[in-house]
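Following this note's numbering, the numbering of the sequence shown begins with 829 at its first residue and continues without gaps. Have a look at the structure below before the remarks.
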Amino acid sequence: MRKKYDDIKALFEENDRDVIIDTARKQEALQSVCTKNASMKNTAGSRWQLVKGQLLYMNKNILCFHLAACMGMVLLVWTNWCDIQAWEQYSMICSGVLGALSVLEVGSMFFSGMTELEASCYFNVRQLTAFQMTYSGILSLAALLLSTVFASIRLERNILMTGIYILVPFVTTECVCLAVMLTEIGRRNLLVLIAAGIFSAFFWSILASMPRLYEASALVFWIAALVAGMGIFVLQMKWFFEILDKGEIVCAD
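This is the structure:
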């Protein structure tokens, strides 16, 4: 980021090299700016004010859907509504849905056109993106953790294996949806991102119906898929914030 600003500054200096500057007027303008700055009072906002600002500009509708999906997944296992075999399939579908909703909350900024105001005095899109990714991730992981614990208690499932079975669809769905959002067509069309989430959830619902996937011999493949998915997601996030800083991700409208 620093190098980018230095390059821009160098371009301005080269372009203004032939411009004749009145030294007296330059000094007068500088003195006027310094006097004005000295008379102004700059008050730093508290962290709570920062959080309130983020909550004000976020998309509340997707947050409501996300909360409903989290509570639905927890209640699904808490109420003993399904047996062990059905739980494996339902949990993977719900996990994929939570992964899609986590990315969809961030993607909503691009569909609303908020990113056009990046680096203005009213919005900081990087800050808002990080905030939404943080709280949506916490919501989803909390729901997945509670579901894993309840499943291990009520359905007498191994807590480690259950956690892996739930996390893999969540991470892979996030990778798929984030990969779509990194493309221009994915940021311009909300339906493309929704379709990617539905496809991923449907894909995992098919895999969940295969009993061989839950054998002990297949556990190593689940662990490998989880580690690979987390690695890909970290790289995608790094790339996402890099192109966001460069201004390559802008208003989609």
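Where is the CB? At the ideal position from N, CA and C, for every residue including glycine. It should be emphasised that the depicted structure is a prediction, and the values quoted were computed from it without experimental measurement.
Handout entry: Through-space distance from Met868 to Phe1031, alpha-carbon basis
Key = 59 Å
Practice task
Express the C-alpha separation of Ile1026 and Tyr993 in angstroms, rounding to a whole number.
Solution key: 19 Å
Practice task
Tell me, to the nearest whole angstrom, how far the beta carbon of Ala928 is from that of Thr1001; I am working on the premise that it is less than 8 Å.
Solution key: 5 Å
Exercise for the section: Sort Asn843, Thr962, Ser919, Ile1013 by Cα distance to Met989 and report the nearest one. Expected result: Ser919
Problem - Assigned secondary structure, Asn889 (DSSP; H/G/I helix, E/B strand, else coil) - result: helix
Exercise for the section: Would you check if the segment 1012-1028 and the segment 961-977 touch, i.e. whether three or more CB-CB distances between them fall below 8 Å? Expected result: no
Exercise for the section: Give every residue of the same chain whose Cβ lies closer than 6 Å to the Cβ of Trp906, excluding the five residues on either side of it in the sequence, and list them in chain order. Expected result: Phe978
Problem - Straight-line Cα distance separating Leu884 from Gln877 - result: 10 Å
Exercise for the section: Just list the alpha helix (DSSP H) runs in the segment 840-875, keeping only unbroken ones of 4 residues or longer that don't cross its boundaries, in chain order. Expected result: 851-867
Handout entry: Euclidean distance between Cα positions of Leu1010 and Ser980
Key = 37 Å
Problem - Residue interval of the alpha helix (DSSP H) (run including Glu984) - result: Counting along the chain, Glu984 falls outside any alpha helix (DSSP H), and DSSP gives it neither H nor E.
Problem - Which of helix, strand or coil DSSP assigns to Lys837 - result: helix
Exercise for the section: Whole angstroms is fine: what's the gap from Gln855's alpha carbon to Ile836's? Expected result: 24 Å
Handout entry: beta-carbon Trp876 near the ligand NAD non-hydrogen atom, thresh 7 Å
Key = The model depicted lacks the ligand NAD and carries no ligand whatsoever.
Exercise for the section: Quick one: using the 10 Å Cβ neighbour count with 16 as the cut-off for buried, is Ala1036 buried or exposed? Expected result: buried
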